[in-house]
Amino acid sequence: MSKIDRRIRKSQEAIKMAVIELMIEKKFDQITIQDISDRADVSRRTIYLHYMDKFDLLDKLIKEHIDEMRDICDTTVDDVDYTDMGLLWFEYFESHYLFFSAVLASKGGSFFRDRFLKFFLQELEKKEPEGGNQGITDGEHVDIQFLGAAIVGVVEWWFKNGKPHPPSFMAGRLGSLLERNLEADLPLA
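All you need for this note's numbering is the position in the sequence shown, starting with 1, plus 30.
Structure representation (structure tokens):
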């Protein structure tokens with residue numbers, strides 16, 4: 031890797047960390063490019079070389095984490111149960127605590143929450159026997175929507191309460207709830 035590549039990567043990481051730290055301190059709407067520039071110790075020009083604006087920066091940061099979570103899900107064995115998958119998720123959340131707690135607490139949280147929910151809905155749909163939308167009934171769509179929103183709510187609760195339980199506990203509870211509701215012979219309704 032060349033020296034220039036390392037500098038670019040180092041600048042981008044400093045910019046990402048700066049916006050995360052600033053989101054902990056104040057609402058996203060109040061953060062300026064100058065704030066990010068000062069915190070990251072880079073010029074505004076450097077930020078604009080990589081991002082159109084602060085919203086593009088946040089969008090790319092969120093996409094990066096969602097893509098990493100999707101990779102974790104895609105590289106796991108297909109017969110992994112919900113508890114094991116939940117453990118992978120909660121370990122990832124814990125290792126990226128600063129990002130998740132900042133984005134969930136900020137004004138950008140609703141945008142993130144929508145992307146986060148979409149990720150969980152897609153993962154739950156993959157777990158359906160037919161493996162996709164074609165085989166999912168209307169009732170199952172409602173069930174999946176309910177469970178996806180529940181997962182997001184549980185994750186938000188976990189962060190907002192300072193991670194009161196370890197990832198293994200959270201994964202066990204989440205896994206048993208998902209198994210009970212997705213693998214039951216009878217629909218939720």
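Just so you know, even glycine gets a beta-carbon here, dropped at the ideal spot from N, CA and C. Please read these numbers as outputs of a predicted model, since none were measured by experiment.
From residue i to residue j, what distance separates their C-alpha atoms?
i: E124; j: E186; result: 12 Å
i: L118; j: I102; result: 8 Å
i: V172; j: S41; result: 44 Å
i: V79; j: P197; result: The sequence given here places Leu at residue 79; Val does not occur at that position. Answer to the nearest angstrom: the Cα atoms are 38 Å apart.
i: I38; j: V184; result: 36 Å
i: F120; j: F189; result: 11 Å
i: H195; j: M115; result: 17 Å
i: R36; j: Q175; result: 42 Å
Measure the Cβ-Cβ separation of residue i and residue j and say whether it is below 8 Å.
i: L128; j: I50; result: yes
i: R74; j: Q64; result: yes
i: D104; j: G205; result: no
i: L212; j: L177; result: yes
i: A201; j: T113; result: yes
i: A132; j: I54; result: yes
Taking the alpha-carbon of residue i as reference, which of the options has the nearest alpha-carbon?
i: F130; options: I38, R203, K46; result: K46
i: K148; options: E43, M99, S67; result: M99
i: H95; options: S67, S198, F142; result: F142
i: A70; options: T105, T76, A48; result: A48
i: D83; options: I66, G116, K93; result: I66
Practice problem: Entirely within the segment 115-183 and at least 3 residues each: give me those beta strand (DSSP E) ranges in chain order. | Solution: Listed in chain order, there is nothing to give.
Quiz item: Whole beta strand (DSSP E) runs in the segment 32-92 with 3 or more residues, listed along the chain?
Solution: Taking only runs of at least 3 residues, no beta strand (DSSP E) segment lies wholly in the segment 32-92.
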